[in-house]
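Heads up, the thing below is written out as structure tokens.
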Amino acid sequence: MMRKIVLSYGLYAAWLVSEAAVFGSLYFSGVLGFEPCKLCWYQRILMYPLVIVLGIAAFDNNPRVIRYVLPLPVVGGLISVYHDLMQKVPGFAPVKPCAQGVPCQGQYINLFGFITIPFLALLGFLLITILLSLLAKWKQG
2 MMRKIVLSYG
12 LYAAWLVSEA
22 AVFGSLYFSG
32 VLGFEPCKLC
42 WYQRILMYPL
52 VIVLGIAAFD
62 NNPRVIRYVL
72 PLPVVGGLIS
82 VYHDLMQKVP
92 GFAPVKPCAQ
102 GVPCQGQYIN
112 LFGFITIPFL
122 ALLGFLLITI
132 LLSLLAKWKQ
142 G
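If you want it as structure tokens, here you go:
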């Protein structure tokens, strides 16, 4: 059952997750006025192209794009983990006494004590990675 759903709608689901992440980041910065830090920009750079590439792949039903797209959410997820650790683990972040701009340790939101913007980005990257990995695996078999 799950296999059939992923094979039929995996690209669309990954595309929708990337859209939600992009619109969420634009909402946080454009509507709520949260200025992104350096690591947030890196995560955006890795998420934004996924909307276009996965959208085209879903429209064309072209799973061959997975091998080219998969590194983006994997690297983005690793950056998100690092960013989340910087915010949640004391002493993990490097000390920058005269840094300019928005500090990466700052938390605009902190729901339930663990849901931050980097955590939300991690969820998006992780869902996309899982969907694309399952789709690639099951398309071969």
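Each number in the working numbering comes from the position in the sequence shown (counting from 1) with 1 added on.
Virtual Cβ for every residue (Gly too), placed ideally from N, Cα, C.
| Item | Value |
| --- | --- |
| Looking only at C-alpha atoms, which of Ala22, Val90, Gly92, Trp16 sits nearest to Ala59? | Trp16 |
| In chain order, which continuous runs of the alpha helix (DSSP H) of length 4 or greater are located wholly inside the region 26 to 55? | none |
| Given a threshold of 16 other Cβ atoms within 10 Å of its Cβ, counted over all protein chains shown, does Gln88 qualify as buried or as exposed? | buried |
| Please classify Gln44 as buried or exposed, where buried requires at least 16 neighbouring CB atoms within 10 angstroms. | buried |
| Confirm, please, whether the CB-CB distance from Ile67 to Leu136 is below 8 Å. | yes |
| Looking only at DSSP bridge pairs, what is Ile116 linked to? | Leu112 |
| Do three or more CB pairs link the region 33 to 42 to the region 102 to 119 at distances below 8 Å? | yes |
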